[in-house]
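As structure tokens, the structure follows; a few thoughts come after it.
In the numbering used here, the protein residues as written are 12 to 168.
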């Protein structure tokens, strides 16, 4: 790999690590700063901060899938790393870095926050009244995938 290419790919991995660190820090803050079974109302009727544990994937889908989800996320992380390796442009590479960081942020929870290895639950704490509760990792995955789709459409035109 040439210097610029290597730098771009390393930047994606560093971005992913930054997302993991920020995600874990915000989850730690939520667990410490929001009392159990209570909420912090930000916009009445629209948005509150409320800690929940999610055994599913982003936005509470696939509840209770346990070890299967851990395996699927590990495979997804490997696929994302391979995609970063073969990515060609800055925006594509950085978008993959966002997806990588979000996937790994939630994987850390699954491996460390549960009754047994890989039985963990993801901490969600951003609770809009019109949507399932989510966290920073979910936002990172969603933004990364949306950017990948956008760039895919724009590159075909």
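Glycine included, each C-beta is placed from N, C-alpha and C at the ideal position.
Being a predicted model, the structure only gives us computed values, none of them experimental.
Contact set for residue i: own chain, Cβ-Cβ below 6 angstroms, skip 5 residues either direction
i           : result
residue 144 : 63, 135, 138
residue 148 : 34, 113, 116, 117
residue 38  : 134
Expected contact under 8 angstroms - CB spacing of residue i and residue j to nearest Å
i           : j           : result
residue 7   : residue 162 : Because the chain in this structure spans residues 12 to 168, residue 7 falls outside the shown range and cannot be described.
residue 53  : residue 42  : Not quite, the Cβ-Cβ distance comes to about 18 angstroms (not below 8 angstroms), so this is no contact.
residue 101 : residue 13  : Not confirmed; about 14 angstroms, so no contact.
Secondary structure of residue i, DSSP reduced to three states
i           : result
residue 65  : strand
residue 79  : helix
residue 96  : helix
residue 136 : strand
residue 124 : coil
residue 45  : coil
residue 59  : strand
residue 29  : helix
Residue i versus residue j: straight-line alpha-carbon distance, rounded
i          : j           : result
residue 86 : residue 92  : 10 angstroms
residue 82 : residue 122 : 11 angstroms
residue 9  : residue 153 : No statement about residue 9 is possible, as the shown extent of the chain runs from 12 to 168 and does not include it.
residue 24 : residue 108 : 6 angstroms
residue 17 : residue 55  : 47 angstroms
residue 96 : residue 90  : 10 angstroms
residue 46 : residue 146 : 17 angstroms
residue 21 : residue 79  : 29 angstroms
residue 26 : residue 84  : 18 angstroms
residue 44 : residue 167 : 46 angstroms
Neighbourhood of residue i by C-beta, 7 angstroms cutoff - its chain only, sequence neighbours within 5 removed
i           : result
residue 156 : 110
8 angstroms Cβ shell around residue i - same chain, five flanking residues per side excluded
i           : result
residue 132 : 64, 65, 66, 120, 121, 124, 125
residue 57  : 139, 140, 141
residue 103 : 159, 162
residue 88  : 111, 114, 115, 118
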